[in-house]
Amino acid sequence: MHKVLLYLRSMTFLLVAVMAVPVMAGQQTLMIVGDSLSAAYGVPSETAWVQLLRERLQDNGLSNWNVVNASISGETTDGGVRRLPDLLEKNSPSVVIIELGGNDGLRGFPPGVIKSNLAAMVEHVQDSGARAVLVGMQIPPNYGERYTQMFADIFPALSDSYDTALVPFFLDGIYNKENLMQDDGIHPTAEAQPRLLDNVWPVLKPLLE
Numbered sequence: 001m002h003k004v005l006l007y008l009r010s011m012t013f014l015l016v017a018v019m020a021v022p023v024m025a026g027q028q029t030l031m032i033v034g035d036s037l038s039a040a041y042g043v044p045s046e047t048a049w050v051q052l053l054r055e056r057l058q059d060n061g062l063s064n065w066n067v068v069n070a071s072i073s074g075e076t077t078d079g080g081v082r083r084l085p086d087l088l089e090k091n092s093p094s095v096v097i098i099e100l101g102g103n104d105g106l107r108g109f110p111p112g113v114i115k116s117n118l119a120a121m122v123e124h125v126q127d128s129g130a131r132a133v134l135v136g137m138q139i140p141p142n143y144g145e146r147y148t149q150m151f152a153d154i155f156p157a158l159s160d161s162y163d164t165a166l167v168p169f170f171l172d173g174i175y176n177k178e179n180l181m182q183d184d185g186i187h188p189t190a191e192a193q194p195r196l197l198d199n200v201w202p203v204l205k206p207l208l209e
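Residue numbers in the sequence shown follow the UniProt record's numbering, run continuously in steps of one, and reach 209 at the last position.
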């Protein structure tokens, strides 16, 4: 009986020890806070650029990175500011991609408000100890030269002020190409998703290595 008790105790200790070992030791989190461009709007989820990113991480020996996609179609910078603190607390990311502002611009929100919201997001990210990646956007010229330029200038200005990584223009090489935009003229097609990833990857990769 004594031997049985010793055996059970040793097995209990072993079980506790095994359970205490992290399932994915050394794993880090990359979080994406974006809008419909990152939420796979109008395209199969398996073809979306975020899913392609997960696959590229594996292919490049960066399987220790877990990708959390916190993007919501229709999201604005105001919504991003409100959601971000809880997202940071829940996911503890090391890198955060901020892909917001497009909906604000299309709705004609004041550039100063957009810039202030994005600045607050960057500050939240940096205060948490994570690194921020700003994804630059542009809006169609029919919004007027002054507004479109003020909007486009938000992203490089913030990147300079906060020393963040910057993707200059998310839709570069896409927005004006046949078959790469959906019929609404706003959202990229499934065929454009690899190009979206290619626009982000050169800026993102150094932060992951």
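Backbone N, C-alpha and C define an ideal beta-carbon position, used for all residues, glycine too. Note that the structure is predicted; figures quoted are calculated from it, not measured.
Short check: CB of Val113 to CB of Thr164, under 8 Å? Taking the first residue of the sequence shown as 1, we reach residue 113 at position 113. Taking the first residue of the sequence shown as 1, we reach residue 164 at position 164. Cβ atoms of Val113 and Thr164: not closer than 8 Å.
Supposed contact pair Gly101 and Met137 - C-beta distance, whole angstroms, cut 8 Å: Against the sequence shown, residue 137 aligns to sequence position 137. Against the sequence shown, residue 101 aligns to sequence position 101. That belief holds up - the Cβ atoms of Met137 and Gly101 are roughly 5 Å apart, short of 8 Å.
Does the region 165-177 come into contact with the region 193-205, if we say contact requires no fewer than three beta-carbon pairs (one atom in each stretch) closer than 8 Å? yes
Spatial neighbours of Gly74 within its chain, please: C-beta separation below 7 Å, excluding the five flanking residues on both sides. Counting from one through the sequence shown, the residue named residue 74 turns up at place 74. Correct list, in chain order: Asp35, Ser36, Asn103.
How big is the Cα-Cα spacing for Asp160 and Ala119? One-based indexing of the sequence shown puts residue 160 at position 160. One-based indexing of the sequence shown puts residue 119 at position 119. Roughly 11 Å between the two C-alpha positions.
With DSSP collapsed to three states, give me the class of Leu62. One-based indexing of the sequence shown puts residue 62 at position 62. Correct three-state label for Leu62: coil.
Assuming Ala190 contacts Val67 (C-beta within less than 8 Å), just tell me the rounded distance between them. Position 190 of the sequence shown holds residue 190. Position 67 of the sequence shown holds residue 67. Contact flag wrong, Cβ pair sits at about 19 Å.
Every unbroken beta strand (DSSP E) within the UniProt domain "SGNH hydrolase-type esterase" (33-192), with a cutoff of 3 residues, ordered by chain: 65-69, 95-99, 131-135, 165-167
From Val200, Asn199, Gln182, residue whose alpha carbon lies closest to that of Tyr41: On the sequence shown, residue 41 is found 41 positions in, with the first residue counted as 1. In this structure, Gln182 is the residue among Val200, Asn199, Gln182 with its C-alpha nearest to the C-alpha of Tyr41.
If you compare alpha carbons, which of Asp127, Phe109, Val135, Gly185 is closest to Met150? Numbered from its first residue, the sequence shown carries residue 150 at position 150. The shortest C-alpha separation from Met150 is found at Phe109.
With DSSP as the reference, identify every bridge partner of residue 230, one or two as the case may be. No answer is possible for residue 230: the residues shown for the chain start at 1 and end at 209.
For Ile186, which of Arg107, Leu87, Trp201 has the nearest alpha-carbon? If you number the sequence shown from 1, residue 186 lands on position 186. Here the closest residue by C-alpha is Arg107.
Restricting to Cα atoms, I'd like to know which of Asn199, Ala130, Ser71, Ile72 is closest to Ser94. Taking the sequence shown and counting its residues from 1, the one referred to as residue 94 is at position 94. Considering only alpha carbons, the answer is Ala130.
Got a sec? Which residues, its chain only, sit under 6 Å from residue 223 by beta carbon, not counting five neighbours each side? Here the chain covers residues 1 to 209 and nothing more, so residue 223 does not appear.
Verify whether the separation of the beta carbon atoms of Gly105 and Ile139 is less than 8 Å. In the sequence shown, counting from the first residue as 1, residue 105 sits at position 105. In the sequence shown, counting from the first residue as 1, residue 139 sits at position 139. Yes, these two residues count as a Cβ contact at 8 Å.
Between Leu62 and the rest of its own chain, which residues show a CB-CB distance below 6 Å, the 5 nearest in sequence each way excluded? Along the sequence shown, read from residue 1 onward, the residue named residue 62 stands at position 62. Cβ within range, chain order: Leu208.
Beta-carbon contacts of His124 that lie in its chain and below 7 Å, excluding the five residues immediately before and after: As a working mapping, residue 124 is identified with position 124 in the sequence shown. The residues Leu84, Pro85, Leu88, in chain order, have a CB closer than 7 Å to that of His124 in the same chain once the five nearest residues on each side in sequence are set aside.
Smallest Cα separation from Ser128: which of Pro111, Asn91, Pro141, Ser116? The residue given as residue 128 occupies position 128 in the sequence shown. Closest by alpha carbon: Asn91.
Exposure of Pro111, with buried meaning 16 or more beta-carbon neighbours within 10 Å: As a position in the sequence shown, residue 111 is number 111, starting the count at 1. The residue is buried, with at least 16 neighbouring Cβ atoms inside 10 Å.
Residue burial classification, Ser45 (beta-carbon count within 10 angstroms, cutoff 16): The residue labelled residue 45 in the question sits at position 45 within the sequence shown. So Ser45 counts as exposed.
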